[in-house]
Structure formats: structure tokens, C-alpha cells
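For the record, in the sequence shown the residue sitting at position 53 is 317 according to our numbering, with numbers rising by one throughout. Beta carbons are placed, not taken as given, at the ideal position from N, Cα and C, and that holds for glycine.
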Amino acid sequence: MSQPFKINKTPVDPEVVKRKLEESGIKDPGTASIREIVRLVNQIEYATGVKFIRMEIGEPGIPPPTIGIDAEIEALKKGVGAVYPNIEGLKILKEEASRFFKLFLNIDISPKGCIPTVGSLMGGMLCFLVANRNDRTKEGTLFLDPGFPVQKQQVRMLGHDYHSFDVYNYRGKKLRDKLESCLSGGKISSILFSNPNNPSWICFTEEELSIIGELCDKHDVIVIEDLAYFGMDFRKDYTVPGEPPYQPSVAHYTKDYVILLSSSKIFSYAGQRIGLMAISDHLFNRRYPDLLRYYSSDSFGQALIYGALYALSAGVTHSAQYGLAALLKAVNDGTYRYREDVKEYGEKAAIMKEIFLKNGFRLVYDRDLDEPLADGFYFTISYPGMSSGELIRELLCYGISAISLIITGSERTEGLRACVSRIKREQFPDLIERLEKFSKDHPVNN
Ligand SMILES: Cc1ncc(COP(=O)(O)O)c(C=O)c1O
């Protein structure tokens, strides 16, 4: 039913879209990476002067809090720029991180297991480098998809195998049998999921987390819990220090886990490329003789820090560690409530979903078990009769950009991920106008 490049007077000249797509080398926008779409849209914006509704990248749309900036400036003025940071991380950062996990997840992790990383992306890489090499008989990671595509790229770069399934079809109790069938072969070293989930924004329940934890203990699998959107299930307030409800975590249900905490979204700190990994005390101290194939120590924690992290970057930018330490301290002390800043994302998502639905779009992932999905950083859309590649291509002609769900491991090949963070409320009238035109130009035959 789609009518590519035929319609007159779209906000963006279809000929330019066509030419820029050809020049970019992107054969099918449905399989293009996030950064490829970013580059393409930059070029179309530049060539046409049309400002896009940019929903393709999960970049924060809020300025970083001054608490972090001030702490970084002060540290730089004191000269930390000339000094190699401790690879294990600044003492104050490790202590505030350990406190954070106690206050907001109600779990005990020693400061020694709280390690700064260059974005939580590097935390994932470090996990794969160690967790997927601890047993020569195993193959790699199981991803609970849909997910963040770059993590699969990391596993591929390392030459590890991976498995995945679309978890939307196995929610609640159904997860047990599915996971059992994946893990019982004994080939999975680690399992990775994000919660809330990028891109679907489903949130695992305590029951699901307990199933994951129990089965990972049973099959000796290391759990990597990616909390890039910590506390951003806005249906609950997980951000009052030391008070329930706490952010749900698999940490309550398994011994061997790593939590990845990103500062990019909760503190709008994406540019500083600093995140944290928290390794459970049990895992930190565990010994795996097969690690000696790659590292000089068979201890998980030692191999990760003095083997993998040392070789990758020898630690994390000194001043950024001071910034993050100050932010965590303020959150732990209750003097900074980051939720007040980031809840804007949820409010915008509610409005934007309505605009899309009014114009003939559908939500792809629309339920969170028996509840409607929460409003957060992302939502997912499709348009009747179009594949994701066609839809991206068509929307580009209307000055709207997003990525395909195909690259996230989703089974919903018709869907797109829409990220709300960079859209300003002032752009809503443009969004409405463009989508009204889009739906008029693409009538749906029911
Ligand atoms: C699920 C998930 N994990 C990890 C990351 C990477 O975060 P960072 O900027 O901390 O490297 C992202 C970024 O979008 C993400 O969505």
C-alpha cells in the first residue's frame, strides 16, 4: 500500500531523500544502525534546511545538572587532568556507588565491586570479555530481546556466539520454560537484559526477575542487568533514598550478577561517557581457572579490572569520576531528585503516542503484562501495511526519523522505535501537521 516518493509537496523533497539514501550506502533503512540513520538525517537536514522531528537516537534532551559540572571543573582546576586515575575508580565514587545500590535497590555491594566504566557500554564490553571467557565449554550470551543493538555488535566483535529471543512472547510464568530450554544445553555463559527495556519499555516484574535469577543460579550463568533507565518506570517512584519501593533487580534472586548503571539518561551525562558497573561480592571473588587463558588472574574481579579494563582504557577520565561522585552523593543525600527532571520524558511520551495513534499509527509493544505500557523514554510504532524499512523511508519525506525494530532483535519487523528525548514540546504542532499529512497521503484500506 505504500507509495514511495510519489506524493507531492511533502515537507522534505522525496528526491533529496532518495539521493541521500543512495549516497549513504544504506540499502534498506530497516536494517541501518542508529548512527547511520543519524548521519543520514544530518545530511538531509543540511541539504533541505528542514528541521526534523528526530526520534532515532536516545540522547538526553535535558542539560546536565550543575552539581556534576561544578565538581568536574573544581577537580580539573586542582590538576587531576595530569594524573592517571586509579583503574579501580576513585574511592569516593566507589563508596557513593555502593551507597546508591543500598539506598535505591536495597542490595549490599562492596565498594570494591563498584567500578567506573567509559559509559555503561564499556561495562557491557568488560562483562563479555570476562564472563564469556570463564568456561571453555560455553559459547556466549543470551539476550532477552528486543535490546540495544550495540551490545550484540560487541559480542560479534569479540567473536563470541549469542542467542536471543523476543521476550514479549514469554512474559510472566511463560518465561520459565523458555529460559530453561535456552539454558539447559549448558552453553550460555551470560544473560543480558535491560529494565525498563530499550526499546519496548516493558518492565520485568519481581516474579520474572526471580525466574531469571533462579535459573541462572541453576545453570551457572552470569546475569548482566542493564539499568540504563534506572528509576524511569514512572508508574512508581523508586527515587526516595532508603525507602521502598525499590527499583526491581535480579540482584535479589541470584549470586552472580553484574549491574550496569548509566549516567547518560538519568543525569543527562551522555557526553562525559561515564557509567558504573557493580559486580556482586560473590562473583567478584569467584575463581574460574579458564580465565587464565586470557588473564593473569583466575579471579573474576581481578581479571576484569587488571586484565580487561586495564587493557581497554586503563580506567575512566579523572574529572568525570568526580562529577559522577558528586551527583551520586546528592542523590543519596536526597538533595537532588533526578526524577523531577527526567519525568518530562514520560509526559512527552504520553502526548506523542496520542498524536501517532490519532493519525493511524499503532503501538507495536502496547501491554506490560496485564497493564498498559508505561510512558517513558521510548515507544514503538507501526503503520498498517508497511514494513519498517518502507515506513522509515516514507517518514523521512515528512521530516520525521526513527530506527527500525529489526536491529533490536524484535520479531516485530513492521515496527519502529521512537525516542522522545530530543523532541521539544514546541515541535508538537509540527509533528501533528506532518503526521496528519502523512496519514492523508497514505490512506489505510480497512
Ligand atoms: C539499554 C542501554 N544500555 C546501554 C546504553 C549505553 O549507555 P552509555 O551511554 O552509558 O554507554 C544505552 C544507551 O542508549 C542503552 O539504551
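Beta-bridge partners of residue i, as assigned by DSSP
| i | result |
| --- | --- |
| residue 409 | 430 |
| residue 487 | 455, 521 |
| residue 645 | 627, 680 |
| residue 404 | 425, 452 |
| residue 636 | 631 |
| residue 303 | For residue 303, which the question treats as bridged, DSSP gives no partner whatsoever. |
| residue 318 | 665 |
| residue 527 | Answer is none; residue 527 lacks a bridge partner. |
CB of residue i within 8 Å of CB of residue j, strictly
| i | j | result |
| --- | --- | --- |
| residue 499 | residue 475 | no |
| residue 431 | residue 455 | no |
| residue 437 | residue 429 | no |
| residue 781 | residue 679 | Limits of the chain in this structure are 265 at one end and 710 at the other, which puts residue 781 out of reach. |
| residue 515 | residue 544 | yes |
| residue 681 | residue 463 | yes |
| residue 527 | residue 576 | no |
| residue 683 | residue 389 | no |
| residue 332 | residue 588 | yes |
| residue 351 | residue 573 | yes |
| residue 368 | residue 510 | yes |
| residue 394 | residue 405 | no |
| residue 661 | residue 329 | no |
| residue 489 | residue 457 | yes |
| residue 302 | residue 321 | yes |
| residue 532 | residue 375 | no |
| residue 542 | residue 522 | yes |
| residue 529 | residue 481 | no |
Buried versus exposed, by CB contacts within 10 Å (16 or more), residue i
| i | result |
| --- | --- |
| residue 546 | exposed |
| residue 268 | Interpretation of residue 268 is limited by its pLDDT of 49, a score under 50 that renders its predicted location unreliable; the figure taken from the coordinates is listed afterwards. Counting Cβ neighbours within 10 Å, residue 268 comes out exposed, since fewer than 16 surround it. |
| residue 341 | exposed |
| residue 291 | exposed |
| residue 501 | exposed |
| residue 689 | exposed |
| residue 448 | exposed |
| residue 718 | Nothing about residue 718 can be read from this structure; the chain reaches only from 265 to 710. |
| residue 381 | buried |
| residue 584 | buried |
| residue 334 | exposed |
| residue 343 | exposed |
| residue 621 | exposed |
| residue 479 | buried |
| residue 363 | buried |
| residue 265 | Confidence at residue 265 is low in this model, with a pLDDT of 44, below 50, so its placement is unreliable and no value can be given for it. |
| residue 281 | buried |
| residue 644 | buried |
| residue 409 | buried |
| residue 273 | exposed |
| residue 287 | exposed |
Alpha-carbon to alpha-carbon, residue j and residue i
| i | j | result |
| --- | --- | --- |
| residue 360 | residue 524 | 15 Å |
| residue 417 | residue 459 | 20 Å |
| residue 642 | residue 668 | 13 Å |
| residue 379 | residue 424 | 24 Å |
| residue 697 | residue 619 | 10 Å |
| residue 421 | residue 568 | 18 Å |
| residue 691 | residue 557 | 54 Å |
| residue 648 | residue 702 | 13 Å |
| residue 707 | residue 646 | 14 Å |
| residue 663 | residue 415 | 29 Å |
| residue 694 | residue 349 | 47 Å |
| residue 276 | residue 310 | 12 Å |
| residue 467 | residue 346 | 43 Å |
| residue 398 | residue 452 | 11 Å |
| residue 597 | residue 538 | 21 Å |
| residue 548 | residue 313 | 53 Å |
| residue 426 | residue 384 | 20 Å |
| residue 635 | residue 470 | 15 Å |
| residue 472 | residue 639 | 21 Å |
| residue 699 | residue 494 | 32 Å |
| residue 413 | residue 675 | 14 Å |
| residue 327 | residue 601 | 15 Å |
Check: residue i C-beta below 7 Å from any heavy atom of ligand 3
| i | result |
| --- | --- |
| residue 640 | Looking for ligand 3 in the displayed structure turns up nothing; the ligands present are ligand 1. |
In chain order, each alpha helix (DSSP H) run of at least 4 residues that lies wholly inside the segment 537 to 621: 545 to 549, 582 to 597
At 3 residues or longer, what runs of the beta strand (DSSP E) sit wholly inside the segment 351 to 401? 378 to 381
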